[in-house]
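Visitor: Pasting a structure below so you can have a look.
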Amino acid sequence: MMRKVTKRLTLVLVMSLLISLLAACGGGNNNSAAPEKEKNNGNTAPVQGEAGPDTSKKVKLTWYLVGDAHKDQDKIVAEWNKMLEKDLNTTVDLKFTTWNDWLTKYNLLLTSGEKIDMIFASNWADFYKLAKQGAFKNLKDLLPTYAPVTWANVPKQDWDAVTVSDGIFAVPNTNPEYTPLGYVYREDWRKELNLPEFTDLNSIEAYMDAVKTQKKVTPINGAAYENVNDLFKFWTDTQMITGEIVGATSYATPRDIQIIPFTDQYEAWVKKMKEWEQKGFWNKNSLSSKQEAGDFIKTGQGAIYWRNPSSAGGFINEVQAKGLKMEIGFFPFTRFHNYVIPTLPIANGMAIPKSSDNAERSLMVLDKLRNDPAYYNLMTYGIEGTHWAKGDDDKTIVIPAPGVDLNVTPRYDIASWGWRVEENIKKEKGGWEGLDKLKEEFKPISKPDILGQIYLDYDPVKTELAAVNQVFEQYGKPLMLGLTADVDASLKVYRDKLKAAGVEKLLAYVQGEANKYFDEKGIQ
Amino acid sequence: MSGKGGLIRELNRNKVLFLMVAPTLLFFIVFSYIPMVGVYYAFTKFDFDGGLFGSEFIGLKNFEFLFKSGILWDLTKNTVLYNLAFIILGNIMQIICAIFLAQLTSKWFKKTAQSLMFLPYFLSWVLVGAFVFNLFSDLGVVNSVLTQLGLQTYDFYLQTAPWKYIIVFFNIWKGIGYGTVIYLAAIMSISEDYYEAAKIDGANIFQQIRRITLPLLMPTFILLIMFSLGGILKGQFDLFYQIIGNNGMLYEATDIIDTYVFRSLTINFDIGMGTAAGLYQSFFGFVLIMTVNYIIKKTHEEYALF
């Protein structure tokens with residue numbers, strides 16, 4: 038008896054060992070099988086297309102979004118799955134990365150080969166690099182069959198924008214936007230202290246100075262770096278290409294690509310920032326602070342915070358909804374140079390990772406989601422009557438729905454950007470009116486994005502890039518905030534360290550790629 | 038020849054023993070040895086089509102970024118010195134606390150003190166980071182006290198000097214309860230006979246500690262040191278990241294390999310370079326532990342790990 042049991046146990050152990058070995062090897066096999074499968078799909082697709090794709094097999098998909106889920110997410114997804122099951126014989130398991138370290142998690146999801154059938158994609162989530170490395174499925178042959186409506190209603194230039202070496206690797210959203218940065222600030226204080234409206238650096242400096250000396254409030258409280266760095270880029274019209282290091286000196290001179298910290302403009306700027314730091318416009322610990330400057334405005338301990346127009350709208354709506362006694366203004370930095378660049382089509386989109394087994398079905402779900410208002414409203418705005426209610430017409434909605442307390446059921450605002458379609462987007466009643474005014478302001482001064490689509494994967498210079506980024510973190514950031522004791526000395530150290538890290542090789546690479554791109558597109 | 042036959046015979050003879058050790062072996066094979074294959078990533082240019090063995094082999098190119106900035110020496114030095122301070126000071130403090138606790142007679146006080154010391158161990162570094170920030174920031178506790186006393190405030194976040202001590206202090210503070218329990222257990226297992234004999238011979242309490250407790254704690258001490266040494270090149274990432282964060286002003290004194298690698302790779306996610314850095318750490322950890330073990334074996338053979 039005893040012997041039999043031991044024998045069996047040994048067998049079980051040996052088996053489990055073998056299985057785990059096989060599983061480990063399996064990873065490699067999957068990948069090599071993928072291209073073959075894709076080819077098959079390409080061949081069979083048109084035949085199936087005649088009678089509409091076959092959905093007789095029940096499929097369970099996994100979708101990933103960036104950011105956080107809503108409190109009622111399970112309810113909403115359950116509702117969605119009811120519809121999906123009826124229409125497409127499919128259910129979707131919707132997962133979120135949460136905002137905490139989201140980019141690292143996002144990258145790991147793709148590299149670990151976890152089975153995912155749809156994931157958020159964007160140029161600010163390394164779309165071009167990942168597409169070049171082969172992280173996403175090529176959708177070119179699948180789209181006409183499995184997402185015919187989307188295939189037809191996304192403009193051709195948007196498809197071109199997500200085409201990387203002849204394949205289409207994402208479905209961009211269809212919602213052209215302007216998202217230039219700017220400051221939200223305490224407008225009531227500006228009026229009270231009798232200061233001019235923001236137009237240039239001097240008026241901003243005068244405002245911060247008055248806030249500091251008369252209101253005794255640190256204007257940029259909490260984390261200050263982005264607030265100052267973005268002001269620098271917009272004020273000097275610097276067009277960054279590689280992090281905060283290599284960029285074009287102005288929009289008008291895209292071919293004049295330089296190492297920005299080596300320019301005189303930069304030197305003058307960091308000297309000015311030293312003055313600002315000494316005047317106490319931000320705290321000495323602002324590099325270590327993990328609190329957003331905006332949170333301090335809400336408690337009356339701050340005055341300035343960087344936002345783009347739509348997030349400024351969110352901020353102002355929140356201040357109003359909470360009944361805080363303050364007036365918030367918004368100043369877009371585009372007013373410095375009077376032009377604005379629209380976002381790239383792939384600023385937000387959805388892509389299918391290589392690991393997916395059900396790309397066809399996943400595309401069908403996306404097609405429904407984008408183009409069927411019932412699907413779109415549910416997943417973008419939540420459940421009608423709970424998270425929103427119909428407004429005066431089809432295009433407006435009321436948030437919160439009547440009788441719903443926002444403190445109990447918070448606003449439904451998951452990262453639904455990837456599937457947004459302009460004609461389905463609804464306006465919120467009573468929202469910040471400045472947003473529409475800004476749209477009007479931006480339309481006539483819009484200029485095309487000439488630098489955003491230079492595809493750089495940094496492969497030949499990745500060693501230099503990693504080293505340069507490091508130097509920037511250590512020396513560039515403190516310098517930008519004027520935190521070092523001796524600006525001249527620390528600027529020299531910064532430049533020397535950048536050189537040692539190989540920034541010149543990086544520059545040569547970026548210049549080479551950029552010029553190739555400009556020649557191709559005929560940009561001078 | 039005889040080796041092979043011997044192994045099978047050995048397996049056969051100690052079947053039950055091998056069966057008992059099998060789950061542990063399995064655990065290590067599955068979670069330590071099989072993933073070790075992934076070390077190969079350090080020598081490849083990763084792409085999604087190729088996977089692990091299909092990606093292009095590029096030799097030592099991934100290691101270049103560690104050497105490129107010339108910072109590797111500083112990083113290694115910081116990492117090793119911090120860890121040495123953690124290990125040595127930490128263990129000494131733990132031994133002292135354990136001896137104090139063992140001498141206490143009030144059971145109630147002993148239990149309370151022990152629990153209070155253990156408490157920080159369960160705190161997350163995120164919280165500790167928030168404590169530290171609120172202690173040392175411009176308007177933090179320390180600077181408020183200084184202002185109240187009419188003294189000049191001190192810009193902690195612009196000076197590298199105090200951070201060495203702050204970091205070492207918080208690490209020891211957090212780990213002290215855990216280590217104390219281990220040493221306390223070791224003290225409790227020392228037979229009372231020794232102490233009674235010492236008392237009869239007229240030894241006072243300090244002599245008892247010096248001549249009985251400390252020598253008998255030696256094996257535990259060395260064992261714990263040996264265990265920690267293997268990880269000496271692995272910095273406490275949470276500790277440094279939560280307390281220092283992205284403050285470049287302080288990197289000179291506080292940057293360790295882990296935080297450096299984290300920063301390089303979160304900006305430019307690259308599996309090959311990440312694995313390369315991990316391999317560097319593991320390799321030197323391995324060399325270090327082999328050397329120390331060799332030295333101990335030569336001098337105090339009974340204490341050696343293997």
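Residue numbers (the numbering used here), protein chains in the order written: chain A, 38 to 561; chain B, 38 to 343. Don't be surprised by glycine CBs; every beta carbon is placed ideally from N, CA and C. Predicted, not measured: the structure shown is a model, and the values here were computed from it.
Residues bridged to T127 (chain A) by DSSP?
Guide: In the first sequence, the residue the question calls residue 127 (chain A) occupies position 90. According to DSSP, which records beta bridges pairwise, T127 (chain A) is partnered with A:V96.
Visitor: What residue range does the beta strand (DSSP E) around Q223 (chain A) cover?
Guide: Stepping through the first sequence from its first residue, residue 223 (chain A) is reached at position 186. In the sequence as displayed, the identity of residue 223 (chain A) is Arg instead of Gln. Its beta strand (DSSP E) spans residues G219 to R223.
Visitor: So who's on the other strand from W343 (chain A), going by DSSP bridges?
Guide: By 1-based counting over the first sequence, the position of residue 343 (chain A) is 306. In DSSP, W343 (chain A) forms a bridge with A:Y220.
Visitor: Less than 9 Å between CB atoms is the rule here; does K335 (chain A) satisfy it with respect to chain B?
Guide: Within the first sequence, residue 335 (chain A) is the residue found at index 298, counting from 1. No, because no Cβ of chain B sits closer than 9 Å to the Cβ of K335 (chain A).
Visitor: According to DSSP, simplified to helix, strand and coil, what is P72 (chain A)?
Guide: Here residue 72 (chain A) refers to the residue found at position 35 when the first sequence is read from its first residue. Residue confidence for P72 (chain A) is low, a pLDDT of 38 falling below 50, so the modelled location carries little weight; the figure read from the coordinates is stated next. In the structure shown, P72 (chain A) sits in a helix (DSSP, three-state: H, G or I).
Visitor: Using 10 angstroms around the beta-carbon of F137 (chain B), count the other beta-carbons present and answer buried if the total reaches 16, otherwise exposed.
Guide: Mapped onto the second sequence, residue 137 (chain B) falls at position 100. With fewer than 16 other beta carbons inside 10 angstroms of its own, F137 (chain B) counts as exposed.
Visitor: Listed in chain order, which residues of the segment 506-531 of chain A have Cβ atoms closer than 7 Å to some Cβ of chain B?
Guide: N506, Q507, V508, E510, Q511, Y512, K514, P515 and L520
Visitor: When the Cα of M154 (chain B) is compared with those of B:V169, B:F80 and B:M130, which residue comes out closest?
Guide: Here residue 154 (chain B) is taken as the residue at index 117 of the second sequence, counted from 1. The shortest C-alpha separation from M154 (chain B) is found at B:M130.
Visitor: Drop a sphere of 10 angstroms on the beta-carbon of P607 (chain A), count the other beta-carbons inside from all chains shown, and report buried for 16 or more, exposed for fewer.
Guide: Here chain A has residues from 38 to 561 only, and residue 607 (chain A) is not among them.
Visitor: For N78 (chain A), which residues from the same chain have a beta carbon less than 6 Å from its beta carbon, with the 5 sequence-adjacent residues on both sides left out?
Guide: Mapped onto the first sequence, residue 78 (chain A) falls at position 41. Since pLDDT at N78 (chain A) reaches only 41, below the 50 mark, its modelled position is unreliable, and the value read off the structure follows with that caveat. Residues of the same chain with a CB within less than 6 Å of the CB of N78 (chain A), apart from the 5 flanking positions on each side, do not exist.
Visitor: What alpha helix (DSSP H) runs, 4 residues minimum, are completely inside the segment 213-243 of chain B?
Guide: 229-237
Visitor: Label V165 (chain B) either buried or exposed according to how many other C-beta atoms from any shown protein chain fall within 10 Å of its C-beta, with 16 as the threshold for buried.
Guide: What you label residue 165 (chain B) is simply residue 128 of the second sequence in a count that begins at 1. With 16 or more other Cβ atoms within 10 Å, it is buried.
Visitor: Are P233 (chain A) and M245 (chain A) closer than 9 Å when you measure CB to CB?
Guide: For this step, residue 233 (chain A) is matched to residue 196 along the first sequence. For this step, residue 245 (chain A) is matched to residue 208 along the first sequence. Taking 9 Å as the Cβ cut-off, P233 (chain A) and M245 (chain A) do not qualify as a contacting pair.
Visitor: Hey, is K147 (chain B)'s beta-carbon within less than 9 Å of any beta-carbon in chain A?
Guide: Sequence index remark: in the second sequence, residue 147 (chain B) carries index 110 (1-based). Closer than 9 Å: no.
Visitor: So if DSSP puts A158 (chain A) in a beta bridge, which residue, or which two residues, is it bridged to?
Guide: The sequence position of residue 158 (chain A) within the first sequence is 121, counting from 1. A:G386.
Visitor: Based on Cα-Cα distance, which residue from B:D192, B:M263, B:Y220 and B:E338 lies nearest to Q315 (chain A)?
Guide: Position 278 of the first sequence holds residue 315 (chain A). The option with the nearest alpha carbon to Q315 (chain A) is B:D192.
Visitor: Check whether the Cβ of G20 (chain A) lies closer than 9 Å to any Cβ atom in chain B.
Guide: Since the first residue of chain A shown is 38 and the last is 561, residue 20 (chain A) is not available in this structure.
Visitor: Using a Cβ-Cβ distance under 9 Å, would T433 (chain A) count as near chain B?
Guide: As a position in the first sequence, residue 433 (chain A) is number 396, starting the count at 1. Not an interface residue.
Visitor: Please return the same chain residues whose Cβ sits closer than 6 Å to the Cβ of D195 (chain A), not counting the five positions on each side in sequence.
Guide: Walking along the first sequence from the start, residue 195 (chain A) turns up at place 158. Around D195 (chain A): P209 and P382.
Visitor: Return the chain-ordered ranges of every alpha helix (DSSP H) run that is complete within the segment 262-345 of chain A and spans a minimum of 4 residues.
Guide: 262-273, 301-315 and 330-335
Visitor: For Y220 (chain B), which residues of its own chain have a beta-carbon under 6 Å away from its beta-carbon, when the five flanking residues on both sides are left out?
Guide: Numbered from 1 along the second sequence, position 183 holds the residue referred to as residue 220 (chain B). Once the five neighbours on either side are set aside, the close Cβ partners of Y220 (chain B) are Q131, I132 and A135.
Visitor: When DSSP labels each residue in this structure, what does F343 (chain B) get in the three-state scheme?
Guide: As a first step, residue 343 (chain B) is located in the second sequence; it is residue number 306 there, counting from the start. When secondary structure is reduced to three states using DSSP, F343 (chain B) falls in the coil class, being assigned neither helix nor strand.
Visitor: Would you mind telling me which residues of chain B sit closer than 9 Å to L324 (chain A), beta carbon to beta carbon, in chain order?
Guide: Indexing the first sequence from 1 puts residue 324 (chain A) at position 287. Under the 9 Å cutoff, chain B gives Y194, G282, N283, N284, G285, M286 and L287.
Visitor: Helix or strand or just coil, what does DSSP make of V114 (chain A)?
Guide: Within the first sequence, numbered from 1, the residue matching residue 114 (chain A) stands at position 77. In the structure shown, V114 (chain A) sits in a helix (DSSP, three-state: H, G or I).
Visitor: Among residues of its own chain, excluding the 5 on either side of Y413 (chain A), which ones have a beta-carbon nearer than 6 Å to its beta-carbon?
Guide: The residue you call residue 413 (chain A) lines up with position 376 of the first sequence. In its chain, beyond the 5 residues on either side, N461 have a beta carbon closer than 6 Å to the beta carbon of Y413 (chain A).
Visitor: Leaving out five residues on either side along the sequence, give the residues of the same chain with a beta carbon under 8 Å from the beta carbon of L156 (chain B).
Guide: Position 119 of the second sequence, counted from the start, is the residue given in the question as residue 156 (chain B). Answer for L156 (chain B): G214, listed in chain order.
Visitor: Near L125 (chain A), what residues of its chain come up, given a Cβ to Cβ distance below 6 Å and the 5 sequence neighbours on each side ignored?
Guide: For the purposes of this step, residue 125 (chain A) is taken as residue 88 along the first sequence, with counting starting at 1. The residues are T92 and M401.
Visitor: Give the range of the beta strand (DSSP E) segment to which I365 (chain A) is assigned.
Guide: Your numbering for residue 365 (chain A) matches position 328 in the first sequence. Note, I365 (chain A): beta strand (DSSP E), I365 to P369.
Visitor: Would you call the segment 301-317 of chain A and the segment 264-284 of chain A touching, i.e. three or more CB-CB distances under 8 Å?
Guide: yes
Visitor: For D230 (chain B) and L251 (chain B), I'd like the C-alpha separation in whole angstroms.
Guide: Indexing the second sequence from 1 puts residue 230 (chain B) at position 193. Indexing the second sequence from 1 puts residue 251 (chain B) at position 214. Approximately 16 Å between the Cα atoms of the pair.
Visitor: My guess is that A261 (chain A) and E329 (chain A) are in contact by the Cβ rule of under 8 Å, so how many angstroms apart are they, rounded?
Guide: In the first sequence, counting from the first residue as 1, residue 261 (chain A) sits at position 224. In the first sequence, counting from the first residue as 1, residue 329 (chain A) sits at position 292. That pair is no contact at about 10 Å.
Visitor: K335 (chain B) touches chain A at which residues, Cβ-Cβ below 7 Å?
Guide: Position 298 of the second sequence holds residue 335 (chain B). Identification of chain A residues near K335 (chain B) by a Cβ-Cβ cut-off of 7 Å yields none; the smallest Cβ-Cβ distance measures about 38 Å.
Visitor: Would V307 (chain A) and I296 (chain A) be called neighbours here (beta carbons separated by less than 9 Å)?
Guide: Counting from one through the first sequence, the residue named residue 307 (chain A) turns up at place 270. Counting from one through the first sequence, the residue named residue 296 (chain A) turns up at place 259. No.
Visitor: Assuming L543 (chain A) and V498 (chain A) are in contact, meaning their beta carbons sit under 8 Å apart, how far apart are those beta carbons, in whole angstroms?
Guide: Taking the first sequence and counting its residues from 1, the one referred to as residue 543 (chain A) is at position 506. Taking the first sequence and counting its residues from 1, the one referred to as residue 498 (chain A) is at position 461. 5 Å between Cβ atoms; contact.
Visitor: Can you pull the chain A neighbours of M346 (chain B), defined as C-beta to C-beta under 9 Å?
Guide: Because chain B here runs from 38 to 343, residue 346 (chain B) falls outside it and cannot be looked at.
Visitor: At the level of alpha carbons, what is the spacing between I34 (chain B) and F509 (chain A)?
Guide: This structure gives no information on residue 34 (chain B), because the portion of chain B shown stretches from 38 to 343.
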